[in-house]
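Numbering (the working numbering), first residue to last: 5 to 275.
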């Protein structure tokens, strides 16, 4: 069972670096996170319900994901995605690599780790410039939607610190936190996005039957649970040990094709 790290005990400003903890306020390794809810500050944040997770993960949430294929467009062009079966293979591989990385970053942000430290960790885990640029564009759009849905000083502070956009998983995790959701919830939302985006794009690119695409997502349910649980457990370790404890599985082919895709003069999706 994934660890629930929604009760992180300490606080840190948006400094971009972990700071030395106040006496008696730090966990192992001196990693600082934002405070847990108390009776004094709970009223300032919305009452979290699982329904907020449905809003956050809804494909109609105006976070800009419809303009991105998650690597599906170049995979279709090269023939690696040809039908529902090959789309499922692509989505499963993406979920366990880039998807796990993103889900862990989102869970860590929801757990209260400094988002600027996490944003730098996301940069280090995203070697392709095209994917870094796409992640920040998506983060900027999600920030607009999240601040409208769940106003939060933490979202405001990150928007001010990263006016050109923070990495999308970091913003997603802060949005989940503002909505009163847990790190595991944030990991589920991020993991689902890692496969639902390419599936939706493939429907458009191949005129794939939407029923077949939906069946693929259903087939991936166990994998989604596994990845979300692993991401939340990694976030719990990061609370104690720092962002270096977060996973960084690689997907070199996604990186290579993203750079190639960025040079196409005509394309249907931004990434």
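Note that CB positions come from ideal geometry on N, CA and C, so glycine has one too.
Given the structure is predicted, the values throughout are model-derived calculations rather than measurements.
Leaving out the 5 sequence neighbours to the left and right, which residues in its chain are closer than 6 Å to residue 278 when beta-carbon positions are compared? Nothing can be reported for residue 278: it is not among the residues displayed for the chain, which extend from 5 to 275.
Roughly how many angstroms lie between the CA atoms of residue 67 and residue 236, to the nearest whole one? 23 Å
Using a threshold of 9 Å, state whether the C-beta atoms of residue 125 and residue 99 are closer than that. Not in contact: residue 125 and residue 99 (Cβ atoms no closer than 9 Å).
Short Cβ contact (9 Å threshold) for residue 166 with residue 140: Yes, the Cβ-Cβ distance between residue 166 and residue 140 is below 9 Å.
Residue 153 to residue 201, Cα distance in whole Å? 21 Å
By how many angstroms is the C-alpha of residue 86 removed from the C-alpha of residue 189? 32 Å
Drop a sphere of 10 angstroms on the beta-carbon of residue 127, count the other beta-carbons inside from all chains shown, and report buried for 16 or more, exposed for fewer. exposed
Using C-beta distances below 8 Å, list every residue in its chain close to residue 261, excluding the 5 sequence neighbours before and after it, in chain order. Cβ within range, chain order: 75, 78, 79 and 82.
Report the option in 134, 176, 116 and 136 whose CA atom is closest to the CA atom of residue 59. 176
Residue 73 (DSSP reduced to helix, strand or coil): coil
Alpha carbon to alpha carbon, what distance is there between residue 158 and residue 255? Cα-Cα distance, rounded: 31 Å.
Quick one: measure Cβ to Cβ for residue 183 and residue 232, integer angstroms, because I've assumed they're closer than 8 Å. The Cβ separation is near 16 Å, so there is no contact.
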